[in-house]
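Letter by letter, the sequence shown follows residues 11 to 345 of the numbering used here.
Take a look at the structure below.
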Amino acid sequence: MTQKISLTRYLVEQQRMDGHIPSQLRLLLEVVARACKSISQAVNKGALGEVMGSAHSENIQGEMQKKLDIIANEVLIEANEWGGHLAAMASEEMEGIYVVPNRYPQGEYLLLFDPLDGSSNIEVNVSIGTIFSVLLKPEGAGVSEQDFLQSGAKQVAAGYCVYGPQTTLVLTVGDGVAMFTLDREQGSFILTEENVMIPEDTQEFAINMSNMRHWDAPVKRYIDECLEGKAGPRGKDFNMRWVASMVADVHRILTRGGVFLYPWDKREPEKPGKLRLMYEANPMSWLIEQAGGAATNGKQRILDIEPTKLHERVSVMLGSKNEVDRATRYHGEAA
Ligand code: AHG
Ligand code: MN
Ligand code: MN
């Protein structure tokens, strides 16, 4: 019988092998995984657990918060604040940063998260998830919001946990992408896929087509050509998928390839896009690149963007390399 490798064992072995997971980071990842397990429990209870519906409050993004957005946020904070591995946290659901209270030791890492991605899918029983990104706190006393404003290229770990028919944790520490499936009987995440690679070509795209009339010309050109199918310039038919949970759309792409776009559009022209750079686009872009894919905002690599604010938004195109390169080239040609 082949031995099952738990997340704990995987991390210990990674630490031993090349030493690029220091023990504090290993603890951090274990704690995030534990928090995801408990969010998964809450998600699973659904209507039986008083976790459904609106919290009747708004977050800093001006979006209505669901009860589960707030529960997931609290679970992540409570799990992570006392272990001594973190200096501070930042979340989609909190305006400012959350500094580890001084009754606990302060660590050297910064954790950012979208506690619950795809909130509009909670009630309809469609996959949702938690997305996280880990940075090192720059040298110096104390911790401030400024310390978080680092490009995605500086991440030391990133991942997500998708709560779907299975609960799957997907992780990178810069050494490829690994997937772990939650074994509910054992209560542990088991390694089920290693060295995940995305095919460079694909015939599947994901975009919210209802925004088509608001798109910019290069996005319209790229999608129009896909829609023309075999008879068009691409010479092949395309299929479309849109879960409306980024976490589930990215999970599909890591599983079988594809391209995901949430571009800037004319609805709110002053906003660079809908998705948030620091805790949505950056961690997902790093996972995609680690799996051989690409991620840009149409002009540059997402991981190279120097953030200017915590809740900064960004236009996103990610997935199979040749498709992202093509869509990026169309932006260049239009400019
Ligand atoms: P969140 O639930 O964290 O606010 O994020 C939702 C995001 C993302 O997951 C998804 O891709 C997109 O919003 C869905 O947008 P549409 O409503 O345009 O489909
Ligand atoms: Mn989100
Ligand atoms: Mn969210």
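Backbone N, C-alpha and C fix where the C-beta goes; we use that ideal spot for every residue, glycine too.
Please read all numbers here as calculations on a predicted model, not as lab measurements.
Here Arg323 carries a strand assignment [DSSP, helix/strand/coil].
CA-to-CA, the gap between Gly106 and Gly342 works out to about 36 angstroms. Contact between Val183 and Leu297 does not hold, since the beta-carbon distance rounds to 11 angstroms and is not under 8 angstroms. Secondary structure note for Ala258: its alpha helix (DSSP H) is the uninterrupted segment 256–266.
Following the DSSP letters along the chain, one finds Leu159 in no alpha helix (DSSP H), marked with neither H nor E.
The C-beta distance from Gln165 to Asn292 rounds to 6 angstroms, short enough to fall under 8 angstroms. When the beta-carbon positions are compared, Cys236 and Arg223 stay at least 8 angstroms from each other. Assigned with DSSP and collapsed to three states, Tyr108 falls in strand.
Residues of the same chain with a CB within less than 6 angstroms of the CB of Asp259, apart from the 5 flanking positions on each side, are Ala216, Val253, Phe270 in chain order. Annotated three-state conformation of Gln75 is strand, per DSSP. DSSP places Ile298 inside the alpha helix (DSSP H), whose first and last residues are 292–300. Counting along the chain, Met99 sits inside the beta strand (DSSP E) bounded by residues 96–101. For ligand 2, a non-hydrogen atom lies closer than 7 angstroms to the CB of Met256.
The beta carbon of Val61 is closer than 7 angstroms to those of Ala52, Lys55, Lys77, Leu78, Ile81 in its chain, skipping five residues each way along the sequence.
Inclusion of Met189 and Glu203 in the CB contact set at 8 angstroms is warranted, their separation being smaller than that value. Straight-line spacing of the CA atoms in Trp92 and Val42 works out to 13 angstroms. One Cα belongs to Ser295, the other to Leu146, and the distance between them is close to 18 angstroms. By DSSP's assignment, Glu214 forms a beta bridge with Asn249. The beta carbons of Asn307 and Ser330 sit about 17 angstroms from each other, so the pair does not count as a contact at 8 angstroms.
For His30, the secondary structure class from DSSP, reduced to helix, strand or coil, is coil. A buried status is given to His95, since no fewer than 16 other beta-carbon atoms sit within 10 Å of its beta-carbon. Short note on Gly128: C-beta closer than 7 angstroms to some heavy atom of ligand 1. At a threshold of 7 angstroms, Pro293 does not count as near ligand 3, since its beta carbon sits no closer than that to any of the ligand's heavy atoms.
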